[in-house]
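Top line first, the protein sequences correspond to chains V and X. Counting from 1 along the first sequence, just add 25 to a position and that's the residue number in this note's numbering. Counting from 1 along the second sequence, just add 616 to a position and that's the residue number in this note's numbering. To start, the structure under review is shown below, and the notes come after it.
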Amino acid sequence: MGKEGLFPGVSRRDFIKTCVTVSAMLGLPFGMVSKVAAAARKADSRPAVIWLHFQECTGCSESLLRSSHPTVANLILDMISLDYHETLMAGSGHQAEKSLHDSMTANKGKYILVVEGGIPTKDNGIYCKVAGKTALESLHKAAEGAAAIISIGTCASYGGIQSVGPNPTGAVGVSDIIKDKPVINIPGCPPNPYNFLSTVLYYVTFKKLPELDKLGRPLFAYGRKIHEHCERRAHFDAGRFAKAYGDATHAAGYCLYKLGCKGPATYANCSVTRFNDGVAWPVGIGHPCIGCTEPDLLFKTAIADKVQIHEPTPFDSYAPVDLKNKGKGPDPLTTGVIGLAAGAAIGAGVMMARRLPDGPEKEDEHGKSE
Amino acid sequence: MSHDEYQRHDARILTPSFIVLLTLTLIGLALIAVRFIKGIGAVSNMSDGYPWGIWITYDVATGTAIACGGYAMAILIYIRNRMHYHPMIRSAILTSMFGYGLAGFSVMVDVGRPWNAYNFFIPSKWQVNSAMFEVAVCVMAYTTVLLLEFLPAVLTTLEKTEWRTLQLLLDMLYARMGKERPEPIGDRLDKVKELAAWLKPRLDRVLIFIIVLGITLPTMHQSSLGSLLLIASTKLHPLWYTGFLPLLFLINCMFIGYSIAILESVISCYAFKRPFETKELSGMASIIPWLTVIWLTVVIGDLAWRGQLGAALSLDFYSRFFLLEFCLVAGGSLLMFSGKKRESIRWLFVSAVLIVLGGALYRFNVYLIGFNPGKGWHYFPALAELLITVGIVAFEILGYQVVVKILPVLPRLHTRQQLDAAAGHAAAEKE
Chain V
26 MGKEGLFPGV SRRDFIKTCV TVSAMLGLPF GMVSKVAAAA RKADSRPAVI WLHFQECTGC
86 SESLLRSSHP TVANLILDMI SLDYHETLMA GSGHQAEKSL HDSMTANKGK YILVVEGGIP
146 TKDNGIYCKV AGKTALESLH KAAEGAAAII SIGTCASYGG IQSVGPNPTG AVGVSDIIKD
206 KPVINIPGCP PNPYNFLSTV LYYVTFKKLP ELDKLGRPLF AYGRKIHEHC ERRAHFDAGR
266 FAKAYGDATH AAGYCLYKLG CKGPATYANC SVTRFNDGVA WPVGIGHPCI GCTEPDLLFK
326 TAIADKVQIH EPTPFDSYAP VDLKNKGKGP DPLTTGVIGL AAGAAIGAGV MMARRLPDGP
386 EKEDEHGKSE
Chain X
617 MSHDEYQRHD ARILTPSFIV LLTLTLIGLA LIAVRFIKGI GAVSNMSDGY PWGIWITYDV
677 ATGTAIACGG YAMAILIYIR NRMHYHPMIR SAILTSMFGY GLAGFSVMVD VGRPWNAYNF
737 FIPSKWQVNS AMFEVAVCVM AYTTVLLLEF LPAVLTTLEK TEWRTLQLLL DMLYARMGKE
797 RPEPIGDRLD KVKELAAWLK PRLDRVLIFI IVLGITLPTM HQSSLGSLLL IASTKLHPLW
857 YTGFLPLLFL INCMFIGYSI AILESVISCY AFKRPFETKE LSGMASIIPW LTVIWLTVVI
917 GDLAWRGQLG AALSLDFYSR FFLLEFCLVA GGSLLMFSGK KRESIRWLFV SAVLIVLGGA
977 LYRFNVYLIG FNPGKGWHYF PALAELLITV GIVAFEILGY QVVVKILPVL PRLHTRQQLD
1037 AAAGHAAAEK E
């Protein structure tokens, strides 16, 4: 597949690289790369995607587009048939509305609905309107014919910043409203674009949803705490903490827990996947994790607040070198048997030696003695 | 080389000792099955501190030395050109073949993850800098060489066989099933006879090269068995830890080899009621004390040079084992120095036993008794572990016993006197 292939402007190398990355992200065996690539390449397998924006900042879309993987963004936008995306589509007004309506009718029951932003519910949802419809109406209508819904970002997942008390608009996440469809939450502010891409590609490849945790997040990305794979973890275990921003301990790259890092309570793969082409992530550049993938942390606790560590794993001692069980000694039965056998052998040897001829020319005597 | 030098020992195979040895072998095999099903811990007392137990110490390190009869005889016959010992080599090679084959087998029992063992046969997986690798390659190659060296005995038999036993067995089976007896089986197996007859002269022509290999390989790996412990500089007691370990192991295996050849000849002649080979044995025995003297000189000189003579005489746990080993070898050698004692089968037997015990104890001292992996570790073989070793040794003796009764292995009896003596034994046995 060259430049003239299915995705203009994407070299085969870049394409395969992306598929390898995505397969690795999903924790799939290397052999699955070809399967992912085949699924991505097949034009008719492109699922229609409808992307709705509600109470949000478009940060998630921006993150996806302005990540240092422009080719990936393009690729994904080509791989999925993105039929409606308010910030990306060229059309506007009635034209845009028509395209949304057409796609929803044509792909009924098959399209993936991506929701970005929280949904205001107070006062019949009048606080967010697009094309004369409230967010609530649009969501209900679009969700009706969707195969699956992906809530991208913390707002769509849990309500986000506008849902923080006093929550004047009554904002909630998608899963609080839609109960009869599978909803995958990709929380994060913004989420790592690869977590989104991997989820979509997983669906395209296997025609099913990835395994989710109890908050509806894909386990491949949100299965472990940031703390478990943090590059500063060794400092935490050794008790070396950054005491203040700009302090020598901060400059030395010590653990940010005392500055309020939420890593020990936050399930996400930022420490492994990182952002900006995998080179940087908040903790890596010296800012504590703010727990943006957790409904109870971001906007609900102060950035400088320390989280309670429920599983204090730093070891206070090394594994014992001096084992209690250092081999087994003799037991009476064995020594008894050895003693008997040795005694018998010595006895037999002595008896045999006595029976053997004692002299040079007495070979025939042996026969007589028998 | 004439194949007429050897003869089959005509006797019943199913003797009481056969039954006893077979029982021990089967017990050993059953325990080996347990080891493979439930793991090493189920049958042995080995631990992280003592990963080498009795299997390596006896079956491999000591067993291969005891199986060095073939090596020692080959040196004597081919290097020192004493062809009159040639009739004795086949039985020595048979013993070696069983010893080495079963040493390799014990390693398979001992290896912690035997399912990885196939890697050994893949050259790209070799770790060629390892002394262990050298031992493994040589043991495997030498087992093959021994098989080839022994092949003439099989071929001679195949060439001359009338398939009588097989025919009898088939007749019995056919009679029992009530079927008609077909043509003699021998006619159909003529191809095998022809093949044996074709192969034998060709094998004879290249046999000398195989023998050269058979002398080179043990020289290489017997010293490597000593090198293995060079790594354990902090664990092996200073009485035994020395740079001369490889040399000591090499000389040690030679005098054990000659002694075991003597023992094997004496015991088999005694058990099979054949006349003793006194002349050959006393000739062979005259070599042993020289080897042991060199060995003891190296041991003492090395201890003196390293300033460990005091430790050797301190009479602590280690010193006692050292002195026992030393006295056994020295005592046996002193006996063998006397020409008169060498003429006596009884004293040959006694001194050979002492030297084999001393030489074997040396290997036990190096591999197990003088080996201390750190404070608190201890090891003593479990009963099941011992029974596996006993089973393997029993199989060795069993195999020897059976093979000499099937194939021409033992030296042919020549003189009238010898034949009469043998006839007398046979008569005595019948009564």
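We put the CB at the ideal spot given by N, CA and C, even for glycine. If you're wondering where the values come from, they're calculated on a predicted model, not measured in any experiment.
Terminal residues of the beta strand (DSSP E) in which His110(V) lies | Translated into the one-based positions of the first sequence, residue 110(V) becomes position 85. 106-110 is the extent of the beta strand (DSSP E) around His110(V).
For the candidate residues Leu852(X), Val828(X), Gly859(X), whose alpha-carbon lies nearest to that of Ser839(X)?
-> The residue you call residue 839(X) lines up with position 223 of the second sequence. Answer by Cα proximity: Gly859(X).
So, is Gln80(V) buried or exposed, given that buried needs 16 or more other C-beta atoms within 10 angstroms?
-> Taking the first sequence and counting its residues from 1, the one referred to as residue 80(V) is at position 55. The residue is buried, with at least 16 neighbouring Cβ atoms inside 10 Å.
Where Phe937(X) falls, given that 16 or more other Cβ within 10 Å makes a residue buried = Mapped onto the second sequence, residue 937(X) falls at position 321. The residue is buried, with at least 16 neighbouring Cβ atoms inside 10 Å.
Would you report the Cα separation of Gly715(X) and Met756(X), rounded to the nearest angstrom?
-> On the second sequence, residue 715(X) is found 99 positions in, with the first residue counted as 1. On the second sequence, residue 756(X) is found 140 positions in, with the first residue counted as 1. In a straight line, the C-alpha of Gly715(X) is about 12 Å away from that of Met756(X).
8 Å CB neighbourhood of Val914(X) in its chain, flanking five on each side removed = The residue labelled residue 914(X) in the question sits at position 298 within the second sequence. Cβ within range, chain order: Phe860, Leu863, Leu864, Ile867.
Residue-level contact to chain V via CB, Tyr886(X), 9 Å cutoff | As a first step, residue 886(X) is located in the second sequence; it is residue number 270 there, counting from the start. Yes, Tyr886(X) counts as interfacial toward chain V.
Kindly indicate which residue of Tyr183(V), Glu141(V), Ser163(V), Ser86(V) has the alpha-carbon position closest to the one of Gly150(V).
-> In the first sequence, counting from the first residue as 1, residue 150(V) sits at position 125. The shortest C-alpha separation from Gly150(V) is found at Ser163(V).
So, is the C-beta of Met662(X) closer than 9 Å to a C-beta in chain V?
-> Numbered from its first residue, the second sequence carries residue 662(X) at position 46. So, interface residue.
According to DSSP, is His78(V) helix, strand or coil?
-> Reading the first sequence from its first residue, position 53 is the one you call residue 78(V). DSSP places His78(V) in strand when its eight states are reduced to three.
Sequence ranges, beta strand (DSSP E) only - wholly within the segment 168-230 of chain V, length at least 3 = 171-177, 208-211
Would you list, in chain order, the members of the segment 252-274 of chain V that have their beta-carbon closer than 8 Å to a beta-carbon of chain X?
-> none
Taking the alpha carbon of Arg706(X) as the point to measure from, which residue in Ala688(X), Leu845(X), Pro730(X) has its own alpha carbon closest?
-> As a working note, residue 706(X) is residue 90 in the second sequence. Minimum Cα distance to Arg706(X) is reached at Ala688(X).
Looking at chain V, which residues of the segment 713-731 of chain X have a Cβ within less than 8 Å of any of its Cβ atoms?
-> none
Proximal residues, the segment 972-989 of chain X versus chain V, C-beta separation under 8 Å = none
Contact set between the segment 849-872 of chain X and chain V, restricted to residues whose Cβ is under 9 Å from the partner = none
Cutoff 9 Å: Leu999(X) Cβ touching any chain V Cβ | Position 383 of the second sequence, counted from the first residue, corresponds to residue 999(X). Closer than 9 Å to some Cβ of chain V, the Cβ of Leu999(X) qualifies, so yes.
Look at His625(X) and Glu750(X) and say whether their C-beta atoms are less than 9 Å apart.
-> Along the second sequence, one-based indexing puts residue 625(X) at 9. Along the second sequence, one-based indexing puts residue 750(X) at 134. No. Outside cutoff.
Same chain only: Cβ atoms within 6 Å of Leu977(X), ignoring 5 sequence neighbours per side | For the purposes of this step, residue 977(X) is taken as residue 361 along the second sequence, with counting starting at 1. For Leu977(X), where only same-chain residues beyond five positions count, the Cβ hits under 6 Å are Glu941.
Within chain V, partners of Tyr995(X) - CB distance below 7 Å = Working through the second sequence from its first residue, we reach residue 995(X) at position 379. What Tyr995(X) touches in chain V: Gly352.
Helix, strand or coil at Ala269(V) [DSSP, three-state] = If you number the first sequence from 1, residue 269(V) lands on position 244. In the structure shown, Ala269(V) sits in coil (DSSP, three-state: anything other than H, G, I, E or B).
What first and last residue would you give for the beta strand (DSSP E) that runs through Glu141(V)?
-> In the first sequence, the residue the question calls residue 141(V) occupies position 116. That run of the beta strand (DSSP E) goes 136-141.
Closest Cβ-Cβ distance between Ala378(V) and chain X: below 9 Å?
-> The sequence position of residue 378(V) within the first sequence is 353, counting from 1. Yes - at least one Cβ of chain X is within 9 Å of the one on Ala378(V).
Gly19(V) and Ala293(V) look like a contact to me (Cβ under 8 Å); what is the Cβ gap, rounded to whole Å?
-> Chain V is shown only over 26 to 395; residue 19(V) falls outside these bounds and no answer can be derived.
Alpha carbon to alpha carbon, how far is Gly873(X) from Cys684(X)? Give it in angstroms, no decimals.
-> As a first step, residue 684(X) must be located in the second sequence, where it is residue number 68. As a first step, residue 873(X) must be located in the second sequence, where it is residue number 257. Approximately 4 Å, taken between the alpha carbons.
Between the beta-carbon of Gly352(V) and the beta-carbon of Tyr995(X), is there less than 9 Å?
-> As a first step, residue 352(V) must be located in the first sequence, where it is residue number 327. As a first step, residue 995(X) must be located in the second sequence, where it is residue number 379. Result yes, Cβ atoms of Gly352(V) and Tyr995(X) sit closer than 9 Å.
In chain X, which residues lie less than 9 Å from Leu381(V) when you measure between Cβ atoms?
-> If you number the first sequence from 1, residue 381(V) lands on position 356. Val882, Tyr886, Phe892, Ser960, Ile961, Arg962, Trp963, Leu964, Phe965, Val966, listed in chain order.
Chain V partners of Leu1002(X), CB-CB under 8 Å?
-> Here residue 1002(X) refers to the residue found at position 386 of the second sequence. Result: Thr359, Val362, Ile363.
For my contact list, Ile904(X) and Ser949(X) are in at a C-beta cut-off of 8 Å; report their separation, rounded to the angstrom.
-> As a working mapping, residue 904(X) is identified with position 288 in the second sequence. As a working mapping, residue 949(X) is identified with position 333 in the second sequence. Their Cβ separation, rounded to whole angstroms, is 7 Å, which keeps Ile904(X) and Ser949(X) in contact under 8 Å.
Kindly provide the ranges of any beta strand (DSSP E) runs that are 3 or more residues long and lie completely inside the segment 732-780 of chain X, ordered along the chain.
-> none
Under 9 Å between beta-carbons, which chain X residues line up against Pro320(V)? List them in chain order, please.
-> Within the first sequence, the letter at position 295 stands for residue 320(V). Going along chain X, no residue has its Cβ under 9 Å from Pro320(V), so there is no contact; the nearest lies around 47 Å.
Anyone know if the C-beta pair for Leu846(X) and Ala747(X) falls short of 9 Å?
-> Translated into positions along the second sequence, residue 846(X) becomes position 230. Translated into positions along the second sequence, residue 747(X) becomes position 131. For Leu846(X) and Ala747(X), yes; Cβs fall inside 9 Å.
Can you tell me the Cα-Cα spacing of Lys809(X) and Ile629(X), whole angstroms?
-> Start at 1 with the first residue of the second sequence, and residue 809(X) comes out as number 193. Start at 1 with the first residue of the second sequence, and residue 629(X) comes out as number 13. If I take the Cα positions, the gap works out to 24 Å.
Mind reading off the beta-carbon distance from Leu398(V) to Ile174(V)? Whole number of angstroms is fine, and I expect it under 8 Å.
-> Nothing about residue 398(V) can be read from this structure; chain V reaches only from 26 to 395.
When you compare only the Cα positions, how much space is there between Trp963(X) and Trp742(X)?
-> As a first step, residue 963(X) is located in the second sequence; it is residue number 347 there, counting from the start. As a first step, residue 742(X) is located in the second sequence; it is residue number 126 there, counting from the start. Rounded to whole angstroms, Trp963(X) to Trp742(X) spans 47 Å at the Cα level.
Helix or strand or just coil, what does DSSP make of Gln924(X)?
-> For the purposes of this step, residue 924(X) is identified with residue 308 of the second sequence, where counting begins at 1. Gln924(X): coil per DSSP, three-state reduction.
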